[in-house]
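Using the working numbering, you'd call the opening residue of the sequence shown number 1 and step up by one each time. Notes for the one structure printed next.
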Amino acid sequence: MRTIRIGFVVAVLVLAAGALLWLNQTGETKAVDLPGFSHFQLTRIAPQRGKVYFDKEMTREADLSTLDWPQNFELFADPQTAFEFLCSGAMFVALPGSSIRVGFPYNRLLLRNGDFNWALSSGDDRVEVGAGDKPLSLLLPLRGRLKVSLDEIVLWAYSGEGSLKVDGETISVPEHARFTRFRGTRSRMDDLLPPPQNYKPRRAVIPLREPNDSVVRFTWQRVDGADGYVFRIFPSMLREGILMERFIPGNQLNVELMVFQEYDDFFWDVSAISQQNKMEGVPTPTGHVRLEGSLLGRKSVTRPPQLTITSLTVGGNIVLIKGEAESSSQLFINSAPVKIDMDGKFIHTMTYRTIGLKTIEFRLVSPSETETVVTRQVTIFEEGI
1 MRTIRIGFVV AVLVLAAGAL LWLNQTGETK AVDLPGFSHF QLTRIAPQRG
51 KVYFDKEMTR EADLSTLDWP QNFELFADPQ TAFEFLCSGA MFVALPGSSI
101 RVGFPYNRLL LRNGDFNWAL SSGDDRVEVG AGDKPLSLLL PLRGRLKVSL
151 DEIVLWAYSG EGSLKVDGET ISVPEHARFT RFRGTRSRMD DLLPPPQNYK
201 PRRAVIPLRE PNDSVVRFTW QRVDGADGYV FRIFPSMLRE GILMERFIPG
251 NQLNVELMVF QEYDDFFWDV SAISQQNKME GVPTPTGHVR LEGSLLGRKS
301 VTRPPQLTIT SLTVGGNIVL IKGEAESSSQ LFINSAPVKI DMDGKFIHTM
351 TYRTIGLKTI EFRLVSPSET ETVVTRQVTI FEEGI
């Protein structure tokens, strides 16, 4: 019995190591190959003080030291806790407040309620799970997301095709699509924009030697049909919280990471927003940035970024603006984003259709999210066409 238990522990550790390799990989959609794993293992909980329970009343706690999992059980996360688990050869992440059932009555994994992400191995084996309390049969895409509530079940196919069996009918969900099953019989399928390519840094360790070393530039390739991007930073791969969420009209952002003093590891992704349906597209696989060095833990010095308007030239109904600003910051003139070159200079033109006194607002946002706001006024004497 002791030998069997030791063997089981070794197998779990091998699986967990494979899972960690997948979590830290820099590829687009492939997961590490996992051997067949029909039962279950809880692999991570976040935050570390978080709790996962065997019962809805949250009185019987489950933890990472549990190895002898029963054949039939349920797990419930508290509203602040996410958990990661291995089951059926796949790595799943259940976001805070989610619940699952393993075993009864369908002898498979049931994603009962909440928000889930997963990645499958790159082999030919497909994984079928249940979704919801009155479960729909779900064939998982290679990488995707599932959100289950009383009002709807939503499946995102990030990579590969998935399907659901609804009222005896199998509905295929193609790659880069979202299927929503509303309460009752109504449903809809939406196309999603693909993930931005060439996103950086995918995985980076940044030594902190000078104060500005903690300002990290995040970049990605533009996506056709996108009118902007949603950028997020998380405290861990389990996404139990959001440290930063921002809509970005362009394809780069500078962030001062030392403002998040409790953390030295940062996980991020970015997704495009569709002009047509205003939905978020497929997110990039999660990037990872780690800060190291003697400055780590010191309080970040936040100050307003420097902004200088060097000239405002009015010609007819056109205003030519020139100025200087910190190149690591973001500049907005009357809410429109303006590019700052590497030397910290910018040029911008504005056109007016009516005459009169006009106010121009300049807003410069630093990587630590401090702002400098300046206003200038000009008089337009000619009407535009």
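The beta carbon of each residue, even a glycine, is placed where N, CA and C say it ideally should be.
My assumption, with CB atoms under 8 Å, is that residue i sits in contact with residue j. Please give the rounded CB distance.
| i | j | result |
| --- | --- | --- |
| E74 | S98 | Wrong, their Cβ atoms sit about 11 Å apart, outside the cutoff. |
| L192 | V282 | 5 Å |
| G130 | R145 | About 16 Å separates the two Cβ atoms, so there is no contact after all. |
| L291 | S214 | 6 Å |
| S88 | V127 | 5 Å |
| T354 | T375 | About 19 Å; that fails the 8 Å criterion. |
| I206 | V289 | 6 Å |
| M58 | F76 | 6 Å |
| D197 | Q221 | According to the sequence provided, residue 197 is Gln. The question's Asp does not apply to it. Q197 to Q221, Cβ: 5 Å. Contact. |
Might you give, ordered along the chain, the residues of its own chain that have their beta carbon closer than 8 Å to the beta carbon of residue i, omitting 5 neighbours on each side?
| i | result |
| --- | --- |
| G228 | F247, I248, P249, A272, I273 |
| P337 | P249, G250, Q330, L331 |
| Q275 | G225, A226, D227 |
| P174 | A157, E161 |
| K134 | none |
| E61 | K51, V52, Y53, F54 |
Quick check: what's the CA-CA separation for residue i versus residue j?
| i | j | result |
| --- | --- | --- |
| R183 | I153 | 8 Å |
| L364 | F346 | 12 Å |
| G316 | T310 | 20 Å |
| L110 | G132 | 7 Å |
| V232 | V216 | It is worth fixing the name first, because residue 232 is Arg in this sequence and not Val. Whole-angstrom Cα-Cα distance: 14 Å. |
| L140 | E161 | 8 Å |
| R202 | G287 | 4 Å |
| T370 | F332 | 14 Å |
| F116 | R209 | 39 Å |
| L138 | M342 | 50 Å |
| S335 | Y263 | 32 Å |
| G293 | T66 | 36 Å |
| Q377 | G344 | 23 Å |
| P79 | L238 | 14 Å |
| E240 | L307 | 37 Å |
| I321 | G356 | 18 Å |
| Q48 | P235 | 12 Å |
| I171 | R112 | 20 Å |
| L120 | Q261 | 34 Å |
| H230 | I242 | In the sequence as presented, His is not what sits at residue 230; that position holds Val. Those two C-alpha atoms are separated by around 12 Å. |
Skipping 5 residues on each side, what residues in its chain have a beta carbon closer than 7 Å to that of residue i?
| i | result |
| --- | --- |
| I45 | V52, L64, T81, F83 |
| D190 | A177, R178, N277, M279 |
| G114 | A94, L95, G97, S98, S99, V148 |
In the DSSP output, what is residue i paired with across the bridge?
| i | result |
| --- | --- |
| W118 | F92, G144 |
| D78 | Looking at the DSSP assignment, D78 forms no beta bridge with any residue, so it has no partner. |
| I340 | Partner(s): none; I340 has no beta bridge. |
| E169 | V166 |
| Y229 | I248, A272 |
| V365 | Q330, E371 |
| H348 | I321 |
| D265 | R290 |
| W220 | DSSP output for W220 lists no bridge partner at all. |
| K134 | DSSP lists no partner for K134. |
| V378 | K358 |
| Q41 | L86 |
| S98 | BP columns for S98 are empty, so no partner. |
| R203 | H288 |
Using a Cβ-Cβ cutoff of less than 6 Å, which residues in the same chain neighbour residue i once the five nearest sequence positions on both sides are dropped?
| i | result |
| --- | --- |
| Q25 | Its pLDDT being 40, under 50, Q25 is placed unreliably in this model, and the coordinates cannot settle the point. |
| P305 | E326, S329, L364, S366, T372 |
| M244 | I233 |
| M350 | V319 |
| W69 | F40 |
| Y158 | R143, G144, V282 |
| I340 | A325, S327, L331, F346 |
| W391 | Because the chain spans 1 through 385 in this model, residue 391 falls outside it and cannot be assessed. |
| W156 | G144, R145, R178 |
| V314 | V378 |
| P211 | none |
| V223 | L193, P196, A272 |
How about residue i: is its Cβ closer than 8 Å to a heavy atom in the ligand SAM?
| i | result |
| --- | --- |
| G50 | This structure lacks the ligand SAM, and indeed carries no ligand of any kind. |
Thinking just about the alpha-carbon of each residue, which of the options is nearest to the one in residue i?
| i | options | result |
| --- | --- | --- |
| Y352 | T375, I380, N334 | I380 |
| D167 | D269, Q71, R186 | R186 |
| P194 | F116, P285, L208, L67 | P285 |
| D151 | E57, F104, T180, I171 | T180 |
| N254 | W118, A119, T219, A204 | T219 |
| V102 | N72, L120, E61, A119 | N72 |
| F267 | Y199, K56, K134 | Y199 |
| A204 | V230, T170, R60, D265 | D265 |
| H348 | L357, G356, G323 | G323 |
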